[in-house]
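Trainee: Numbering-wise, UniProt numbering puts 34 at position 34 of the sequence shown, and it's gapless, one number per residue.
Glycine residues also receive a C-beta, built at the ideal position from the N, C-alpha and C atoms.
Predicted model only: the values in this text are computed from it and were never measured.
The structure's right below; bear with me while I get my questions together.
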Amino acid sequence: MPDLNPAASTFAHKLRVRVCGICIQDHNLLLVRHAKTLANDVFWAPPGGGLQYGESMQQCLIREFKEETGLDVEVSRFLFVNEFVYEPLHAIEFFFEVQVLNGELQKGTDPELDEQSQLIEEVAWMSMKEIQSIPIPDRHRVLQYLISLDDLMGMPHNFMP
1 MPDLNPAAST FAHKLRVRVC GICIQDHNLL LVRHAKTLAN DVFWAPPGGG
51 LQYGESMQQC LIREFKEETG LDVEVSRFLF VNEFVYEPLH AIEFFFEVQV
101 LNGELQKGTD PELDEQSQLI EEVAWMSMKE IQSIPIPDRH RVLQYLISLD
151 DLMGMPHNFM P
């Protein structure tokens with residue numbers, strides 16, 4: 001089993017439903033750098049998080065963006081589904097296109113975790129060149145082999161291979 005951050009252990013051995021947002025502004029993608037959750041020291045991924053009982057996917061994504069980035073967003077179209085499996089973590093992730101309505105970008109928090117267990121280390125707008133400079137294992141699977149940001153907007157709706 002990989003060495004997990006103690007906070008990541010909260011999500012281990014559970015199937016999670018996650019909702020994630022692809023937010024592109026001025027040819028940059030909004031990403032969140034998480035502390036050691038897997039075998040890597042850092043992990044860059046689009047903002048998003050766990051769907052709560054009784055919450056719609058749109059409500060979840062609006063809440064998660066506010067918590068993680070400080071931004072108010074509008075959720076537009078569904079993009080694709082990804083199955084994330086990295087033992088002992090397992091999630092089904094629904095990705096949507098998102099636009100910023102207002103707010104100021106700032107590093108947020110995971111309210112379900114105490115102060116010492118926070119996973120979010122940084123939030124940043126990144127160009128394709130900057131994303132490609134991140135080591136592949138430190139990028140979320142949907143970011144690993146991108147040629148352009150347009151690739152994210154045109155992925156098939158089904159599970160990624």
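What's the gap between the Cα of Asp110 and the Cα of Ser117?
Mentor: About 9 Å.
Trainee: Where does the unbroken alpha helix (DSSP H) through Phe65 begin, and where does it stop?
Mentor: Its alpha helix (DSSP H) spans residues Met57 to Thr69.
Trainee: Please list, in chain order, all residues of the same chain as Ser148 whose beta carbon is under 8 Å from its beta carbon, the five residues on each side excluded.
Mentor: Correct list, in chain order: Met128.
Trainee: Output yes or no for whether 8 Å exceeds the beta carbon distance between Trp44 and Leu143.
Mentor: yes
Trainee: Rounded C-beta distance between Gln106 and Glu74? I'm assuming under 8 Å.
Mentor: Between Glu74 and Gln106 the Cβ distance is about 19 Å, and since that is not below 8 Å, they are no contact.
Trainee: Among Ser76, Val32, Glu121 and Arg16, which residue has its Cα nearest to the Cα of Gln58?
Mentor: Measuring from the Cα of Gln58, the nearest candidate turns out to be Ser76.
Trainee: Look up Val81 in the DSSP assignment and say whether it is helix, strand or coil.
Mentor: strand
Trainee: With distance defined between alpha-carbon atoms, name the residue in Arg139, Gly70, Asn82 and Thr10 nearest to Leu101.
Mentor: For the residues Arg139, Gly70, Asn82 and Thr10, the minimum Cα distance to Leu101 belongs to Gly70.
Trainee: Does DSSP classify Met128 as helix, strand or coil?
Mentor: helix
Trainee: Please report the residue range of the beta strand (DSSP E) in which Leu143 lies.
Mentor: First-last for Leu143: undefined, no H or E at that position.
Trainee: Give the single residue among Gly48, Glu122 and His90 whose Cα lies nearest to the Cα of Ala12.
Mentor: His90
Trainee: Is the CB-CB distance between Pro137 and Phe80 below 8 Å?
Mentor: no
Trainee: Can you tell me where the beta strand (DSSP E) holding Leu152 begins and where it ends?
Mentor: Residue range Asp150 to Met153 is occupied by the alpha helix (DSSP H) that includes Leu152, with no beta strand (DSSP E) assigned at that position.
Trainee: From which residue to which residue does the beta strand (DSSP E) around Phe31 run?
Mentor: The amino acid at residue 31 is misidentified as Phe; the sequence shows Leu. It spans Asn28 to His34 - the beta strand (DSSP E) in which Leu31 sits, taken as one unbroken run.
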